[in-house]
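J.: Numbering-wise, the numbering used here comes out as the position in the sequence shown, counting from 1, plus 30.
Glycine included, C-beta positions come from ideal geometry on N, C-alpha and C.
To start, I am sharing the structure in question, which I have written as structure tokens.
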Amino acid sequence: MTDRAACCQALTGCYADLVILCAGTCEYLENGVVNADLVERVMTTNFLGPVNCLAALEPQLASGNRVVLVSSMAHWLHFPRAEAYGASKAALTWFG
């Protein structure tokens, strides 16, 4: 789901009445040091992955079908060293 082209290819022609997009990974920052690679990995899995799936499935979704994006309470409850996780889930919450 993190590779947009592969996601589109895998989901082309799929049909579902209900789609539940639930992705999550959490990596912890060390001592407040910003690690851009870590943040990118977490954002790609937790936010862009579901967006890629939704974009790939949207053409097949008929009126009345349902999509559920699973987020987390972490978008407003701060967990120590899990800033990237919280930001990714906040992005998903706002997107959905």
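From C38 to A104, what distance separates their C-alpha atoms?
T.: Spanning the two alpha carbons is a distance of roughly 29 Å.
J.: Measure how close the beta-carbons of L87 and L41 come, nearest whole angstrom, since I'm counting them as under 8 Å.
T.: Right, their Cβ atoms sit about 6 Å apart.
J.: As a quick exercise: from A35, C44, N61, D33, pick the residue whose alpha carbon is nearest that of L91.
T.: Answer by Cα proximity: C44.
J.: Could you check where the beta strand (DSSP E) with L99 kicks off and where it finishes?
T.: Start and end: 96-99.
J.: Have a look at G126 and V69 and give me their C-alpha separation to the nearest angstrom.
T.: Between G126 and V69, the C-alpha separation is close to 21 Å.
J.: So within the region 46-96, which uninterrupted beta strand (DSSP E) runs reach at least 3 residues, ignoring any that extend past its ends?
T.: Runs found: 48-51.
J.: Does the structure place the region 60-68 close enough to the region 115-124 that three or more beta carbon pairs sit under 8 Å?
T.: No contact exists between the region 115-124 and the region 60-68.
J.: Buried or exposed for F77, going by 16 or more other Cβ atoms inside 10 Å?
T.: Classification of F77: buried, given that the 10 Å Cβ count is 16 or more.
J.: Let me check understanding here. Comparing Cα to Cα, which of L122, A121, F109, T123 lies closest to L59?
T.: The option with the nearest alpha carbon to L59 is F109.
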